[in-house]
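Working notes, structure below.
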Amino acid sequence: MGEFIEQILSEKKLAFAIFDHDLILNNYSPNFGQISQVNTRLKEKSIWDIFPELIGSEKEVTAVLTKSQKKYQLEKICKFTNDSARLSYYTLTLLPLKNQTVYTPQLLCIVADTTSETRLEQEIQQQKYEIELLQASLSGYGQYLSHKILGESEKVKKVRKFIGKIASIRNTTVLLQGESGTGKNLVARIIHQTSMPPKSPFVEINCASLPSTLLESEIFGYEKGAFTSAVVSKKGLLEEADGGTLFLDEIGELPHSLQAKFLTFLETKTFRRLGSTREKKVNIRVIASTNKDLEQAVKNNEFRQDLFYRLDVVTLRLPPLRELDEDKLIIAKHFVRLFALDFRKNVKGLTESAKAKISNYSWPGNVRELRNVIERAVIFAEGEKIDADEIILAEDKSRPQDSPTVDIAAQGITLVEIEKKLLQDALIKTRGNQSKAARLLGLTLDTFRYRIKKYNIPF
Amino acid sequence: MEKRIEIRKKICMLGAFGVGKTSLVRQFVFNKYEDKYLSTIGVLISQKQLPPFRKSDSGRIEQLEFIIWDLANIEKYNKMTKNYFRGAAGAIAVCDLTRAHTFEEIDQLLNKFLEINPKSRIVLAGNKIDLVDQQLIEMERFLHLSDSYQTTYTLTSAKTGENVEQLFVCLGNELLKSE
């Protein structure tokens, strides 16, 4: 190749290569390897090895080779390397080679280095996207999460508003009050996620789940030798939660002996591990929750008044489902969609009677109960819409049994005798119809038959 | 020694800007993570072989190599974008678990991608699991997307590497099954 052509190619940051009819590299400019970012030996390499980005475009490459397509181009290509600072870009153009002396088709490949233009474009785009990402991290996630609290009623809107306000204040203690199943845990997690930096810890403990002594060591940690089994020192949950949130579920169950110690911590943000004389300071937000009436607990001397006042600074009362009339169906429909997708069932909604049943029920177990009822209904649903009889409520379950009673004779009774009696009664009640008798006892027909045979019950 | 059948497939990384497409590729290909966000322009090409896979019906061993097209955020859909999508056997559709709108964008992108490659396989990725509380993830969105595209989803963290290899292997298995 002439020296001046090389000069032109280098000046214009261009390179070329010629591939034969088998798409094997035939000829190329000296700068071809550098611009096309191929570091291996080029000779006799196929186009697919040199430009793996052409895999998937076999049809187009062949069409250009056979001149049924004029050109094929891929722009702004970069072979990704481990070093992002040294990425370079090129545009790849494939053309049929117009060479009268060669009869077999050949492919001309022109590679243009576009690194400087692409980097400029990248810098402009980078600024725009960085701003958008920052805005999203400041507001988007919080708004997104608060919509996990379903419903459109004023009470639900208030809950969302509360979370929005509390998110900007990181160190205030929050008390969440509400019946079981109203979403206290969910709200605590949302407050944490919306107010704390990413990756900050969220540590939760249920105060009713551990005995008093264990709870103290769990929360405050201990030093080696603090008690018989303390063979090594251990961090407590306060230290684990440093820089994040400690969520104390069922704070009303916190043993009286621990309440004073916890109050001291809330006021000073300092504590001592069990068996230690050294004070530790942590920076955490405490969120406490309870389904108890803490004011009443204070009156009953079950909960310290000073701790109650310390906790009752920012309090959110989560409404029970029965107070969210208009939202019951919104939440129910959400769960229908969720479980239908999860179980891949073609269930699209609720019949009018099912809606009425959901609306008229008091939902003592709140959203948790509604979720479980809908999950079951979706599993057993036979049509596209869930009907009222597929919504099995706790009151339905309790109705037929009317709390069966068994009299225990003074001399005692064995479970086998009770079972025999139940099997016999079921047969009498159904006039010997074994299928119906099995259903009455919640057994399969096979199990029922096996049992009456086992006890030699005449049938 | 048993002969391996080597198969090379083009796959595309799809998703809005900043969802972590490049970070997933970097983690998968180089076992590396960079904290600084650097927006992608054009397309970054990388290659990686997957672990060998024995086909249950024929018993033969297949070795899949991915040619990964990490695409920049596509704001304008044009001829160039079509060329980028063309010939892809599959795609990893990435959403950012901390940004709700990225789920909506993925739906539009997938529609366009499947117009060009109707037979390709899709796997969904919910990225940045390290930044969110798993209990707060709106699973409905994933279930809805995976139902619409008859596919599976994986929750990943390009930062910690959690489930990243599994995500690519999952797409590999889907591709080999459909062969």
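Residue numbers (our numbering), protein chains in the order written: chain A, 1 to 459; chain B, 1001 to 1179. Every residue, glycine too, gets a C-beta built ideally from N, C-alpha and C.
Asked: Applying the 10 Å Cβ sphere with the 16-neighbour rule, what's the burial state of Leu-74 of chain A?; Found: buried
Asked: Looking only at its own chain, which residues have a Cβ that is under 6 Å from the Cβ of His-192 of chain A, when we skip the five neighbours before and after it?; Found: Phe-202 and Thr-245
Asked: For Lys-333 of chain A, decide whether its Cβ has a neighbour in chain B, counting only Cβ atoms nearer than 8 Å.; Found: no
Asked: Our contact map puts Gly-512 of chain A next to Lys-235 of chain A with C-beta atoms below 8 Å; I'd like the distance itself, whole angstroms only.; Found: With chain A covering only 1 through 459, there is no way to say anything about residue 512 of chain A.
Asked: Does the Cβ of Ala-167 of chain A have 16 or more other Cβ atoms within 10 Å, making it buried, or fewer, making it exposed?; Found: buried
Asked: Shorter than 8 Å from the beta carbon of Gly-1161 of chain B to some beta carbon of chain A?; Found: no
Asked: Considering just the uninterrupted stretch of the beta strand (DSSP E) at Gln-259 of chain A, what are its terminal residues?; Found: Segment 256–268 is the alpha helix (DSSP H) holding Gln-259 of chain A; no beta strand (DSSP E) there.
Asked: Indicate whether the contact test is met: 3 or more Cβ pairs, each with one atom in the stretch 1027–1041 of chain B and one in the stretch 1090–1097 of chain B, closer than 8 Å.; Found: no
Asked: Report the neighbours of Asn-82 of chain A on chain B: residues whose CB is nearer than 9 Å to its CB, in chain order.; Found: Arg-1026, Val-1029, Phe-1030 and Lys-1032
Asked: Of all Cβ atoms in chain B, is any one closer than 8 Å to the Cβ of Phe-202 of chain A?; Found: yes
Asked: Just mark Gln-401 of chain A as buried or exposed, buried being the case when its beta carbon has 16 or more other beta carbons within 10 Å.; Found: Interpretation of Gln-401 of chain A is limited by its pLDDT of 49, a score under 50 that renders its predicted location unreliable; the figure taken from the coordinates is listed afterwards. Its Cβ having fewer than 16 others within 10 Å, Gln-401 of chain A is exposed.
Asked: Can you list, in chain order, the residues of its chain whose CB lies under 6 Å from that of Leu-316 of chain A, leaving out five sequence neighbours each side?; Found: Phe-162 and Leu-176
Asked: With a threshold of 8 Å, are at least 3 pairs of Cβ atoms found where one atom belongs to the stretch 83–99 of chain A and the other to the stretch 61–75 of chain A?; Found: yes
Asked: Output the distance between the C-alpha atoms of Ser-120 of chain A and Ile-24 of chain A, rounded to the nearest integer angstrom.; Found: Per the sequence shown, the amino acid found at residue 120 of chain A is Leu instead of Ser. Each residue's Cα considered, the two are about 35 Å apart.
Asked: Within 8 Å of any Cβ in chain B, is that where the Cβ of Ser-29 of chain A sits?; Found: no
Asked: Can you check whether the C-beta of Phe-1017 of chain B is within less than 8 Å of a C-beta belonging to chain A?; Found: yes
Asked: Under the assumption that Leu-311 of chain A contacts Ala-288 of chain A (Cβ atoms under 8 Å), give the Cβ distance between them as a whole number of angstroms.; Found: 5 Å
Asked: Just to confirm, are Ile-1045 of chain B and Ile-1067 of chain B a CB contact at a threshold of 8 Å?; Found: yes
Asked: Hey, out of A:Leu-248, A:Ile-452 and A:Thr-444, whose CA is closest to Leu-422 of chain A's CA?; Found: A:Ile-452
Asked: Is the distance from the Cβ of Ile-1011 of chain B to the Cβ of Trp-1069 of chain B below 8 Å?; Found: yes
Asked: Under 8 Å between the Cβ atoms of Lys-1159 of chain B and Asp-1130 of chain B?; Found: yes
Asked: To the nearest angstrom, report how far apart Lys-261 of chain A and Asp-1133 of chain B are at their CA atoms.; Found: 30 Å
Asked: Sorted by chain position, which residues of the same chain lie with C-beta nearer than 6 Å to Gln-69 of chain A's C-beta, five sequence neighbours on each side aside?; Found: Ala-63
Asked: Applying the criterion that 16 or more other CB atoms from any shown protein chain within 10 Å of the CB defines a buried residue, is Lys-467 of chain A buried or exposed?; Found: No answer is possible for residue 467 of chain A: the residues shown for chain A start at 1 and end at 459.
Asked: In the DSSP output, which residue or residues are listed as bridge partners for Phe-380 of chain A?; Found: In the DSSP output, where bridge partners are listed per residue, Phe-380 of chain A has none listed.
Asked: State the start and end residues of the unbroken alpha helix (DSSP H) segment that holds Val-1043 of chain B.; Found: Note, Val-1043 of chain B: premise wrong, no alpha helix (DSSP H); beta strand (DSSP E) at 1043–1049.
Asked: Assign Ser-1120 of chain B to buried or exposed, taking buried as 16 or more other Cβ atoms, counted over all protein chains shown, within 10 Å of its Cβ.; Found: buried
Asked: Tell me which residue opens and which closes the beta strand (DSSP E) that Lys-280 of chain A is part of.; Found: 279–281
Asked: Evaluate Phe-1168 of chain B with the Cβ neighbour count: other Cβ atoms within 10 Å of its Cβ, from every protein chain shown; 16 or more gives buried, anything less gives exposed.; Found: buried
Asked: Could you round the C-beta distance between Asn-366 of chain A and Gly-151 of chain A to whole angstroms and report it? I think they count as a contact, below 8 Å.; Found: With a Cβ gap of about 12 Å, Asn-366 of chain A and Gly-151 of chain A do not count as contacting.
Asked: Compute the distance between the beta-carbons of Leu-263 of chain A and Leu-307 of chain A, then report whether it is under 8 Å.; Found: yes
Asked: Under 7 Å Cβ-Cβ, which residues of chain A neighbour Arg-1086 of chain B?; Found: Gly-56 and Ser-57
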